[in-house]
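Chains as they are written, first to last, in this note's numbering: chain A, 30 to 268; chain B, 30 to 268; chain C, 30 to 268; chain D, 30 to 268; chain E, 30 to 268; chain F, 30 to 268.
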């Protein structure tokens with residue numbers, strides 16, 4: 030597959046990824062995940078309790094929250110504490126993050142504890158939600174490793190890896206890993222969360238400007254598979 | 030495709046649908062949409078103004094809100110006005126509803142007005158969001174017809190129909206149009222919004238209990254196509 | 030008493046009433062109550078607990094909430110979940126509903142449970158609060174009957190019936206059961222909640238445009254008595 | 030009418046009233062109104078604008094707000110600013126206060142301005158809402174007098190006086206002007222707002238513990254009339 | 030030190046202070062504290078419980094809240110219950126009040142109870158926060174005395190007195206106890222909370238219009254010391 | 030002055046400071062400011078408008094907001110967007126930040142624009158508010174330089190530098206630049222904001238565990254002066 034994009038990538042190229050583990054010191058999992066100019070801080074914190082709705086169920090929980098710093102976007106974003114609640118987009122992303130990580134976690138094996146995932150966007154250039162999934166998995170794995178090193182977990186509650194990528198149709202061409210300027214002009218936008226077995230955890234596709242055909246869906250899924258496999262490999266190399 | 034479900038349906042059967050247009054008198058589009066025991070009131074109201082972010086753009090807007098009556102579920106749901114904000118699930122559904130209906134609307138052709146779609150759930154037995162899309166399209170079409178009858182619109186801003194259905198994998202079997210008891214036990218859950226050309230407006234699939242394979246995705250998409258085509262036909266017959 | 034109104038009624042006529050019990054399936058009491066074009070859904074739900082302020086008092090509770098669907102009025106009403114709190118009028122109505130139903134309930138005989146009354150307005154053409162009281166009593170009675178049929182209550186905690194009606198002075202003439210166009214122009218507005226013994230549970234009268242005389246109060250109370258007696262009779266017939 | 034109460038009053042006695050005009054210096058109307066141990070600060074402030082819903086109508090407005098200091102009751106009341114909204118009772122009282130004062134104000138004659146009435150309870154021993162009406166009328170009259178003295182108003186927008194009192198049935202006996210210990214044990218509670226012509230502006234009666242008979246209503250209305258006439262006289266003497 | 034101010038005071042004069050103990054009846058400490066035209070009601074209420082964060086620590090707590098009545102300022106201030114939260118200035122003042130009073134309280138000796146300090150401003154003419162500290166200490170002492178008289182406290186948890194005053198630089202001259210018109214024009218503003226030993230509990234100085242020199246700081250601290258010593262003496266005389 | 034601390038510093042030593050300008054790309058001023066383990070991101074964003082309360086005054090504005098990432102502290106901090114408002118400490122810090130930066134800005138010379146300062150704490154080990162002031166001044170200077178380079182400002186609205194440091198008394202010894210473990214045990218805590226002329230912009234001192242003497246205040250101010258002078262020098266070197 031060929032074609033040139035503003036940053037010189039081919040249509041099926043990922044942006045360059047940098048993964049910095051242990052970026053901050055207090056959370057047992059703390060990863061600065063950068064892909065191109067997008068920069069997200071993903072942390073995993075352990076709370077030795079479960080949410081009220083799980084009390085007495087004998088299972089742990091993984092939950093996620095997502096935020097953007099006011100200065101992370103061109104045109105300052107209003108600060109969350111003065112808005113008073115997560116906006117619709119943040120809520121949507123938090124739900125995807127939580128589902129994606131729970132899909133590869135054996136929650137009863139986690140014990141009666143909650144792992145909080147925080148994804149905070151330091152700089153936003155498209156794909157923050159999928160960057161968040163890919164980076165948060167590493168933070169989660171580091172927090173689980175810490176629990177095991179501390180003798181708090183006998184087995185491994187992680188059943189596998191999970192990574193995510195966005196694809197889209199831009200000017201009629203399916204493309205992998207959209208930067209912001211591409212995303213803003215995309216006709217179709219698809220986010221895929223995938224395991225290393227190539228199975229789907231989440232698929233969210235939207236015809237932003239028009240409906241999309243089954244053939245376009247097939248082409249986008251193939252690109253997403255290629256991208257996720259590369260990211261899953263980068264996750265393994267980072268550890 | 031065969032197989033029997035608790036209510037006697039085959040795996041690829043829709044629940045019986047009843048469509049009552051003009052259910053209330055004040056909104057120009059007002060549809061009571063029932064599928065099985067799920068019952069949603071879909072209305073379309075016209076406001077002769079556009080949201081602030083569209084001012085000066087020469088285009089109209091379609092937006093949607095979704096709510097559940099406290100008594101709509103077994104186990105009373107806390108009233109929205111005492112919660113103080115839409116919860117995460119409501120926000121997610123409102124965004125899908127809005128995108129689905131905007132996808133088939135020529136917004137500039139709508140003129141400088143907003144059509145508010147309200148989907149209020151009177152009784153919830155699974156599939157309220159997809160019932161909401163299918164019913165809301167009829168309400169939208171009725172409101173547009175009223176605008177045209179009143180001489181406020183020259184052409185037709187509706188570029189086509191849109192309908193939605195849920196599919197899932199339950200006990201290993203892909204099934205169409207899940208009722209609540211099926212949905213609660215589903216391993217995979219997929220909502221599809223489709224046009225009468227068979228193209229996709231929105232696909233949202235989640236591995237609720239495990240990841241799902243490409244083959245399962247294919248089977249679910251086929252069921253969703255069958256269901257949507259039937260619903261698009263029922264929409265046409267209702268008018 | 031004679032006189033003709035826009036809908037042909039005499040000054041002392043009620044609007045036609047339709048009562049549909051069992052309108053939805055999940056709440057043990059569920060009544061669609063319609064008077065003229067006003068349409069309210071009244072449900073009664075049982076919670077096997079009492080509010081915190083009653084703990085240890087050995088008594089049950091009846092409480093009520095009231096809401097209007099956005100499409101229930103000409104000119105869409107802003108959705109409750111985006112307003113963040115009940116408005117002043119809703120609060121006032123919720124308090125009247127709760128007091129009216131508690132007045133005829135033997136709360137200790139109810140056991141350590143709460144009955145939640147929800148009145149949701151599907152279409153508003155005046156008199157929704159009094160329609161709510163009259164309809165909610167039937168829903169409450171149905172929920173109590175269900176508790177007794179299920180063997181959860183030995184005796185009958187309902188000490189009697191309660192119904193409500195509005196009266197007003199319009200163009201100098203006292204009138205019964207005001208529709209919206211009459212209410213908007215009324216000089217005086219009086220809501221009365223009454224038992225089948227003809228005693229008062231609640232009286233709320235307001236001089237909307239001018240103060241009202243003792244003679245006007247007397248005439249309005251007589252109309253209210255006539256209306257409530259008819260409504261109490263319709264309640265009995267509906268069961 | 031005879032009978033002795035805890036504080037030695039006869040059943041038809043008001044509590045002693047003290048009226049201090051000009052209690053604070055910044056508001057043009059500022060009255061400390063005390064009846065027995067109940068102490069409310071009533072102020073009237075002028076804003077040279079009208080609320081949005083009245084713009085272009087050529088009329089002024091009178092609105093009221095009500096609050097209780099945390100230390101005003103035995104058992105500290107949670108501070109309003111940490112509750113985040115007026116509670117149900119406060120909303121109800123604010124609406125009564127506003128209606129009562131608007132009933133005797135010629136709003137168009139007020140000019141394009143709003144008079145804000147604030148009733149703040151320094152000490153609560155029953156009857157704060159009716160004390161608020163009676164005291165607020167004096168504050169309103171003082172603010173209007175200031176506007177006239179400043180040459181901002183040609184005529185007098187006040188069409189008359191308004192005062193309020195509570196009555197109730199306690200231990201089977203109708204009583205005037207209930208103190209807190211009486212109110213808490215009352216079977217029936219009735220608040221009446223009246224003009225000096227003896228006409229009603231507002232009547233709110235509730236059977237707190239049982240329904241009340243037409244005869245009881247008549248007796249309570251007679252007591253209320255006696256009390257209001259005395260209060261209207263005290264208002265005149267205070268000026 | 031000489032110099033004349035608008036109200037005739039010398040630069041190092043306090044405004045006249047009036048202290049009325051037992052101003053309201055329900056709170057065990059209740060002080061109307063007036064300095065010049067500033068008038069604050071300071072109360073101390075006892076709750077027989079400690080906040081959650083202190084449970085199991087074997088210590089009591091003193092906390093403070095601060096509010097202004099809407100009519101307390103020229104130009105009505107928006108009511109707290111309609112704002113929904115304390116504003117930034119109120120939060121800042123509440124924190125100072127709490128720290129100041131805890132600084133002279135032996136919290137473990139207080140027992141497992143909380144003393145709530147409420148400072149409510151009836152009229153604001155500058156210096157309400159420092160008036161609040163000085164008045165609240167008296168209310169606190171009265172509440173403690175009540176606890177001791179009731180046999181609920183063996184020893185005295187109050188380790189000493191605390192009083193506060195504002196100083197500033199106005200037109201180049203350091204001045205004590207600024208009234209509102211002085212405060213609004215001050216170049217530098219300093220609030221000091223001091224014990225009778227002349228030690229500091231809190232110092233908050235801000236260059237409102239320009240930075241201030243070490244010499245100015247020294248001069249302001251000397252004025253503050255003089256003022257606090259006089260106020261501490263007035264506190265003792267009032268008891 | 031001698032004495033050894035947990036991290037080997039003398040009592041009058043600052044922690045090592047690292048300043049990274051241009052840390053993110055979208056804000057014209059963006060500084061990662063680290064002192065010891067405390068790490069704050071300070072950005073300055075330009076909005077070409079002024080707040081409502083300054084309209085028509087012919088002056089610009091500088092305002093500041095402060096937040097902590099949930100993972101910035103040991104023990105995850107609740108996310109701002111789910112708390113719904115800044116907490117008391119955040120409000121206090123935002124007010125200090127804004128005042129400090131406005132003190133060295135010629136607001137009319139800034140033109141009719143607002144500079145938003147955001148201080149976001151990535152890792153908190155004591156002194157985040159003073160680190161925020163020192164880092165934010167650099168971000169402000171960079172944003173001003175960008176405005177001048179873009180030809181949007183003729184002169185320089187910055188009248189000088191401002192830096193801040195904390196000092197305290199720990200175990201009887203005055204110490205400079207407290208780390209978290211020192212701050213938590215400090216008897217007295219003092220934050221000082223200072224200009225390069227050695228004048229004060231803000232002084233905030235609190236006796237956390239006991240009152241402090243004038244001699245202690247003098248010693249702390251001397252330490253603060255030494256620290257601020259070093260920080261002002263580091264600011265200049267960083268540019």
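Glycine included, each C-beta is placed from N, C-alpha and C at the ideal position.
Taking a Cβ distance cut-off of 9 Å, strictly less, list which residues of the segment 96-120 of chain D are near chain E, in chain order. 96, 98, 99, 100, 101, 102, 103, 104, 105, 108, 109, 110, 111, 112, 113, 114, 115, 116 and 119
Assuming the contact rule is C-beta atoms closer than 8 Å, residue 90 of chain E and residue 136 of chain E should be a hit. Round their C-beta distance to whole Å, please. 6 Å
So what does DSSP say about residue 57 of chain C, is it helix, strand or coil? coil
In chain C, which residues lie less than 8 Å from residue 66 of chain B when you measure between Cβ atoms? 54
Residues that DSSP places opposite residue 195 of chain B in a beta bridge: B:220
Among F:121, F:63 and F:204, nearest to residue 33 of chain F - alpha-carbon criterion: F:204
State the Cα-Cα distance for the pair residue 39 of chain E and residue 206 of chain E, rounded to the nearest angstrom. 11 Å
Buried/exposed call for residue 49 of chain F, threshold 16 Cβ in 10 Å: exposed
Skipping 5 residues on each side, what residues in its chain have a beta carbon closer than 6 Å to that of residue 94 of chain F? 123 and 147
Mind listing which residues of the segment 82-95 of chain E have their C-beta closer than 7 Å to chain D's C-betas, in chain order? 94
Taking only three categories from DSSP, how would you classify residue 234 of chain A? strand
Hey, residue 196 of chain C and residue 244 of chain C are a contact pair by Cβ (cut 8 Å); roughly how many whole angstroms apart? Not confirmed; about 14 Å, so no contact.
Can you give the Cα-Cα distance for residue 96 of chain D and residue 159 of chain F, rounded to whole angstroms? 40 Å
Using a C-beta to C-beta distance shorter than 8 Å, which residues of chain D count as neighbours of residue 152 of chain E? 53, 54 and 55
Assuming the contact rule is C-beta atoms closer than 8 Å, residue 74 of chain E and residue 56 of chain E should be a hit. Round their C-beta distance to whole Å, please. 5 Å
Between residue 235 of chain E and chain F, is any beta-carbon pair separated by less than 8 Å? yes
Go ahead and pull the three-state DSSP assignment for residue 133 of chain F. coil
Taking 8 Å as the CB-CB cut-off, is residue 30 of chain D touching chain E? No answer about residue 30 of chain D holds up, because its pLDDT of 43 lies below 50 and its placement is not dependable.
Reference residue 153 of chain E; option with closest CA among E:127, E:116 and E:102: E:102
Residue range of the unbroken beta strand (DSSP E) whose run includes residue 95 of chain D: 90-97
Chain B residues whose Cβ lies nearer than 9 Å to that of residue 228 of chain A: 236, 239, 240, 241, 242, 243 and 245
Neighbourhood of residue 132 of chain A by C-beta distance below 7 Å, restricted to the same chain and skipping five residues each side: 191 and 230
Same chain, Cβ closer than 6 Å to residue 176 of chain B, neighbours up to 5 away in sequence not counted: 182
Between which residues of its own chain and residue 265 of chain D is the CB-CB distance below 8 Å, once the five residues before and five after are set aside? 190
For residue 92 of chain E and residue 144 of chain B, the rounded distance between their alpha carbons: 51 Å
Could you confirm whether any beta carbon from chain F is found closer than 8 Å to the beta carbon of residue 36 of chain A? no
Just list the residues that DSSP pairs residue 149 of chain E with in beta bridges. E:70 and E:96
Is any beta-carbon of chain F found at less than 8 Å from that of residue 132 of chain E? yes
Run down chain A in chain order and give the residues with a C-beta less than 9 Å from the C-beta of residue 74 of chain F. 99, 100, 104 and 105
DSSP bridge partner residues for residue 241 of chain E (one or two, in chain order): F:229
Could you give the DSSP three-state label for residue 128 of chain C: helix, strand or coil? helix
Three-state secondary structure (DSSP) of residue 50 of chain C: strand
Determine, using beta carbons only, whether residue 69 of chain C and residue 201 of chain C come nearer to each other than 8 Å. no
Taking only the alpha-carbon atoms, compute the straight-line gap between residue 45 of chain A and residue 65 of chain A and give it to the nearest angstrom. 6 Å
Tell me residue 62 of chain D's beta-bridge partners as DSSP assigns them. D:48 and D:69
Buried or exposed: residue 47 of chain D, going by 16 or more other Cβ atoms within 10 Å of its Cβ? exposed
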